[in-house]
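In our numbering, the protein residues as written are 23 to 166.
Right, dumping it as C-alpha coordinates:
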(Lines of atoms letter the chains of each structure in order from A and count residues from 1; the text may use other names and numbers.)
(Lines give C-alpha, C1' and ligand atoms only; values in the text may rest on other atoms or scores of the structure.)
Protein backbone atom coordinates (compact mmCIF):
# COMPACT_ATOMS: atom_id res chain seq x y z
CA UNK A 1 0.00 0.00 0.00
CA UNK A 2 1.43 3.42 -0.93
CA UNK A 3 2.17 6.17 1.57
CA UNK A 4 -0.35 8.88 0.74
CA UNK A 5 1.03 11.48 3.11
CA UNK A 6 3.90 11.98 5.52
CA UNK A 7 2.19 14.59 7.69
CA UNK A 8 -0.81 16.89 7.68
CA UNK A 9 1.50 19.87 7.13
CA UNK A 10 3.28 18.23 4.18
CA UNK A 11 -0.07 17.30 2.59
CA UNK A 12 -1.39 20.84 2.93
CA UNK A 13 1.78 22.30 1.43
CA UNK A 14 1.63 19.88 -1.54
CA UNK A 15 -2.05 20.39 -2.34
CA UNK A 16 -3.15 23.78 -0.98
CA UNK A 17 -3.57 25.19 -4.50
CA UNK A 18 -6.38 22.62 -5.00
CA UNK A 19 -8.50 23.72 -2.03
CA UNK A 20 -12.17 24.35 -2.75
CA UNK A 21 -14.46 27.07 -1.49
CA UNK A 22 -17.15 25.48 0.62
CA UNK A 23 -19.58 26.22 3.41
CA UNK A 24 -18.89 24.53 6.74
CA UNK A 25 -21.64 24.05 9.28
CA UNK A 26 -21.21 24.18 13.07
CA UNK A 27 -19.26 21.17 14.33
CA UNK A 28 -20.77 18.83 16.89
CA UNK A 29 -18.85 18.96 20.17
CA UNK A 30 -16.20 16.25 20.27
CA UNK A 31 -16.86 15.01 16.72
CA UNK A 32 -13.94 14.51 14.30
CA UNK A 33 -16.31 15.21 11.40
CA UNK A 34 -17.00 18.57 9.81
CA UNK A 35 -20.14 19.06 7.76
CA UNK A 36 -19.33 20.63 4.39
CA UNK A 37 -21.34 21.62 1.35
CA UNK A 38 -19.96 20.29 -1.93
CA UNK A 39 -21.98 21.76 -4.76
CA UNK A 40 -25.59 21.27 -3.76
CA UNK A 41 -24.84 18.28 -1.51
CA UNK A 42 -23.60 17.92 2.06
CA UNK A 43 -20.92 15.51 3.23
CA UNK A 44 -19.11 14.91 6.50
CA UNK A 45 -15.34 15.26 6.15
CA UNK A 46 -12.91 13.67 8.58
CA UNK A 47 -11.23 16.78 10.02
CA UNK A 48 -7.48 16.30 9.58
CA UNK A 49 -6.52 19.73 10.93
CA UNK A 50 -8.68 19.85 14.08
CA UNK A 51 -9.99 19.56 16.50
CA UNK A 52 -11.82 22.85 16.51
CA UNK A 53 -9.65 24.71 13.99
CA UNK A 54 -12.40 24.76 11.34
CA UNK A 55 -14.80 27.67 11.73
CA UNK A 56 -18.33 27.43 10.36
CA UNK A 57 -19.16 29.58 7.37
CA UNK A 58 -17.33 30.08 4.08
CA UNK A 59 -13.96 28.32 4.04
CA UNK A 60 -11.15 26.90 1.94
CA UNK A 61 -10.76 23.14 2.38
CA UNK A 62 -8.74 20.46 0.59
CA UNK A 63 -11.21 17.63 -0.07
CA UNK A 64 -9.32 14.32 -0.08
CA UNK A 65 -11.25 11.16 -0.91
CA UNK A 66 -9.26 7.91 -1.07
CA UNK A 67 -10.09 5.30 -3.72
CA UNK A 68 -9.02 1.67 -4.02
CA UNK A 69 -8.71 2.22 -7.79
CA UNK A 70 -9.72 4.59 -10.57
CA UNK A 71 -10.93 3.81 -14.09
CA UNK A 72 -11.31 5.68 -17.36
CA UNK A 73 -14.87 6.77 -18.09
CA UNK A 74 -16.82 8.34 -20.92
CA UNK A 75 -19.85 9.09 -18.76
CA UNK A 76 -21.00 12.59 -17.84
CA UNK A 77 -19.48 14.31 -14.82
CA UNK A 78 -20.94 13.07 -11.57
CA UNK A 79 -20.58 13.90 -7.90
CA UNK A 80 -22.77 11.78 -5.69
CA UNK A 81 -22.64 11.52 -1.91
CA UNK A 82 -23.05 7.79 -1.21
CA UNK A 83 -22.81 7.74 2.58
CA UNK A 84 -22.10 9.87 5.61
CA UNK A 85 -18.50 10.36 4.50
CA UNK A 86 -18.18 8.70 1.11
CA UNK A 87 -18.75 9.69 -2.49
CA UNK A 88 -18.49 8.56 -6.05
CA UNK A 89 -17.40 10.81 -8.86
CA UNK A 90 -16.63 11.09 -12.53
CA UNK A 91 -14.44 14.02 -13.48
CA UNK A 92 -11.52 15.29 -15.53
CA UNK A 93 -7.89 14.75 -14.51
CA UNK A 94 -6.12 18.11 -14.08
CA UNK A 95 -2.92 16.81 -12.47
CA UNK A 96 -1.26 13.64 -11.24
CA UNK A 97 1.26 13.30 -8.48
CA UNK A 98 2.71 10.29 -6.65
CA UNK A 99 -0.35 8.13 -5.71
CA UNK A 100 -2.75 11.08 -6.24
CA UNK A 101 -4.98 12.26 -9.06
CA UNK A 102 -6.41 15.76 -8.93
CA UNK A 103 -9.87 15.66 -10.47
CA UNK A 104 -12.14 18.53 -11.49
CA UNK A 105 -15.77 17.54 -11.09
CA UNK A 106 -18.84 19.79 -11.17
CA UNK A 107 -16.66 22.90 -10.74
CA UNK A 108 -14.78 21.50 -7.72
CA UNK A 109 -11.33 20.03 -7.31
CA UNK A 110 -10.83 16.78 -5.42
CA UNK A 111 -7.40 15.48 -4.42
CA UNK A 112 -7.92 11.74 -4.79
CA UNK A 113 -5.50 9.37 -3.07
CA UNK A 114 -5.30 6.11 -5.03
CA UNK A 115 -4.32 2.88 -3.28
CA UNK A 116 -3.32 0.87 -6.37
CA UNK A 117 -1.18 1.77 -9.40
CA UNK A 118 -4.11 2.80 -11.61
CA UNK A 119 -3.16 6.48 -11.18
CA UNK A 120 0.00 5.87 -13.25
CA UNK A 121 -1.95 5.18 -16.45
CA UNK A 122 -4.14 8.30 -16.53
CA UNK A 123 -3.28 11.43 -18.47
CA UNK A 124 -4.28 15.06 -18.13
CA UNK A 125 -7.67 15.77 -19.64
CA UNK A 126 -8.95 12.20 -19.38
CA UNK A 127 -12.19 11.50 -17.58
CA UNK A 128 -12.03 9.04 -14.68
CA UNK A 129 -14.49 7.41 -12.32
CA UNK A 130 -13.95 6.34 -8.73
CA UNK A 131 -15.74 5.46 -5.51
CA UNK A 132 -14.19 6.60 -2.23
CA UNK A 133 -13.62 4.51 0.83
CA UNK A 134 -14.82 5.93 4.16
CA UNK A 135 -14.02 8.54 5.31
CA UNK A 136 -13.39 11.45 2.96
CA UNK A 137 -10.71 13.63 4.57
CA UNK A 138 -10.91 17.40 4.85
CA UNK A 139 -7.92 19.70 5.40
CA UNK A 140 -9.17 23.08 6.61
CA UNK A 141 -7.02 25.98 5.40
CA UNK A 142 -8.89 29.13 6.41
CA UNK A 143 -12.17 30.95 6.77
CA UNK A 144 -13.20 33.25 3.92
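Where a beta carbon is used, it is the ideal one built from N, C-alpha and C, also for glycine.
Item, Value
"If you reduce the DSSP assignment to three classes, tell me which class residue 98 lands in.", "coil"
"Measuring only the C-alpha atoms, how far is residue 56 from residue 76?", "8 Å"
"Roughly how many angstroms lie between the CA atoms of residue 141 and residue 65, to the nearest whole one?", "25 Å"
"Buried or exposed: residue 49, going by 16 or more other Cβ atoms within 10 Å of its Cβ?", "buried"
"Counting pairs of beta carbons, one from the segment 105–124 and one from the segment 147–157, are three or more of them closer than 8 Å?", "yes"
"Nearest to residue 70 by alpha carbon, out of 158, 40 and 43?", "158"
"Provide the residue span of the beta strand (DSSP E) that contains residue 153, from first to last.", "149–165"
"In terms of residues, what are the limits of the alpha helix (DSSP H) holding residue 36?", "30–37"
"First and last residue of the beta strand (DSSP E) that includes residue 69?", "63–69"
"Classify residue 128 as helix, strand or coil using the three-state DSSP reduction.", "coil"
"With distances taken from CA atoms, which of 119, 58, 25 and 126 is nearest residue 143?", "119"
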